[in-house]
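**Q** Under the working numbering, think of the first position of the sequence shown as 16, with each following residue one higher.
Ideal Cβ placement from N, Cα and C applies to all residues, glycine included.
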Amino acid sequence: ILTGPAHPDYQPFCQGPGHGTGYQDQIIIEAKDFLSAIAGGEPVWPSFRDGLAVAEIVDAVLTSSGSGQWTSVRQV
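In structure tokens:
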């Protein structure tokens, strides 16, 4: 993950644009975003619906890979 001025949450972890973040840094930022969304009554991103859409796409990729055929995926 590369960061820059458009990503203010990452500023405490990376002092200059183009720096990568570590795994623990990313988890801290995700936890802050999650708790802020709960405290503010805002929806969390990504949502469980977003996760389901990704899982459906991954499933279609695996099915297609196994069969060698195109596999349909619902519009997400």
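Suppose the cutoff is 8 Å on Cβ atoms and the five residues either side in sequence are ignored; what does the same chain contact list for K47 look like?
**A** D24
**Q** Identify whether G56 lies in helix, strand or coil by the three-state DSSP scheme.
**A** coil
**Q** Between which two residues does the alpha helix (DSSP H) harbouring S82 extend?
**A** 63-82
**Q** So, using beta-carbon positions, are V59 and A52 closer together than 8 Å?
**A** With respect to A52, V59 sits close: the two C-beta atoms are nearer than 8 Å.
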